[in-house]
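Trainee: Dumping the structure here so I can ask a few things about it.
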Amino acid sequence: MKKWVAAFGIVGLIVWGFLDNGGTSLLPAQESAQGERKVGLNQGELAPDFELRTLDNTPIRLSELRGQKVIVNLWATWCPPCRAEMPDMQEFYEQEKENGVTILGVNLIETEQGPESVDAFLKEYGITFPVVLDQGKHISQQYQAISIPTSYVIDTEGVVQYKMIGPLTKEMMEKMIAAID
Numbered sequence: 004m005k006k007w008v009a010a011f012g013i014v015g016l017i018v019w020g021f022l023d024n025g026g027t028s029l030l031p032a033q034e035s036a037q038g039e040r041k042v043g044l045n046q047g048e049l050a051p052d053f054e055l056r057t058l059d060n061t062p063i064r065l066s067e068l069r070g071q072k073v074i075v076n077l078w079a080t081w082c083p084p085c086r087a088e089m090p091d092m093q094e095f096y097e098q099e100k101e102n103g104v105t106i107l108g109v110n111l112i113e114t115e116q117g118p119e120s121v122d123a124f125l126k127e128y129g130i131t132f133p134v135v136l137d138q139g140k141h142i143s144q145q146y147q148a149i150s151i152p153t154s155y156v157i158d159t160e161g162v163v164q165y166k167m168i169g170p171l172t173k174e175m176m177e178k179m180i181a182a183i184d
């Protein structure tokens, strides 16, 4: 009996090792019978489209960013890992914005004290990349942001290439963006 338990334990660890890749999801896409991409959050699937508004009420639709590589980052001002990644995100954005790369911050406004706290945070950190507000938590739920920060790297065709749970560093963003060239 102990040998069977040990064998199952080893097999479980091996399977876990293959499935766990440091929080980055790289699951294969599925295509419909017509060859169209499935909409979803796995690698190779078309990212679900959404439209949200910025603090100044400007609408931004994800599909309008096609042609650019996009990092969709779901975050909140009170989240320590989110706060920790913001300087790297801003530095990366400044470095890459002229190269067809953008960051779209999706703030979980329902968890904030109000829009004023988001505005103060953006000013304090010098954030210039676009930030939209997820009123009603619809996008954070659709994008499965169970913990934050959660980020998706989307290619120029609107296809999900990576999912990352946890804070991103500049080096991580550079590596992921370079890999989808």
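Everything in the sequence shown is counted per our numbering, starting at 4 for the first residue and increasing by one. For every residue, glycine included, the Cβ atom is placed at its ideal position computed from N, Cα and C.
1) Less than 6 Å between C-beta atoms, sequence neighbours within five positions excluded: which residues of the same chain meet that for GLN145?
2) May I have the straight-line CA-CA distance separating ASP184 from TYR128, to the nearest angstrom?
3) Taking ILE151 as part of the alpha helix (DSSP H), name the residues at either end of that continuous run.
4) Could you say which of LYS126, GLU174, VAL109 lies nearest to GLY139 if we only look at CA atoms?
5) Rounded to the nearest angstrom, what separates CYS85 and SER154 at their Cα positions?
6) Return the bridge partner residues of VAL121 from the DSSP annotation.
7) Flag this pair as touching only if the stretch 41 to 57 and the stretch 157 to 167 have three or more C-beta atom pairs under 8 Å; answer yes or no.
8) Would you grab the beta carbon distance between THR159 and GLN71 for me? Rounded to a whole angstrom, and I think it's under 8 Å.
9) For MET175 and GLU119, I'd like the C-alpha separation in whole angstroms.
10) Can you look up TYR146 in the DSSP assignment and give me helix, strand or coil?
11) Hey, quick one: how far does the beta strand (DSSP E) through PRO170 stretch, first residue to last?
12) DSSP state of PRO84, grouped into three classes?
13) Applying the criterion that 16 or more other CB atoms from any shown protein chain within 10 Å of the CB defines a buried residue, is PRO83 buried or exposed?
Mentor: Taking the structure as given:
1) Taking the first residue of the sequence shown as 1, we reach residue 145 at position 142. The answer, listed in chain order, is PRO51.
2) Walking along the sequence shown from the start, residue 184 turns up at place 181. Walking along the sequence shown from the start, residue 128 turns up at place 125. Roughly 29 Å between the two C-alpha positions.
3) Indexing the sequence shown from 1 puts residue 151 at position 148. Note, ILE151: premise wrong, no alpha helix (DSSP H); not H, not E.
4) On the sequence shown, residue 139 is found 136 positions in, with the first residue counted as 1. GLY139 has its Cα closest to that of VAL109, out of LYS126, GLU174, VAL109.
5) In the sequence shown, the residue the question calls residue 85 occupies position 82. In the sequence shown, the residue the question calls residue 154 occupies position 151. CYS85 and SER154: Cα-Cα distance of roughly 11 Å.
6) On the sequence shown, position 118 is the one that residue 121 refers to. Partner(s): none; VAL121 has no beta bridge.
7) yes
8) Counted from its first residue, the sequence shown places residue 159 at position 156. Counted from its first residue, the sequence shown places residue 71 at position 68. About 6 Å; that satisfies the 8 Å criterion.
9) Working through the sequence shown from its first residue, we reach residue 175 at position 172. Working through the sequence shown from its first residue, we reach residue 119 at position 116. Rounded to whole angstroms, MET175 to GLU119 spans 30 Å at the Cα level.
10) Within the sequence shown, residue 146 is the residue found at index 143, counting from 1. Residue state, collapsed to three classes: coil.
11) As a first step, residue 170 must be located in the sequence shown, where it is residue number 167. No beta strand (DSSP E) contains PRO170, which DSSP labels as neither H nor E.
12) Along the sequence shown, read from residue 1 onward, the residue named residue 84 stands at position 81. Helix, per DSSP.
13) Translated into the one-based positions of the sequence shown, residue 83 becomes position 80. Classification of PRO83: exposed, given that the 10 Å Cβ count is below 16.
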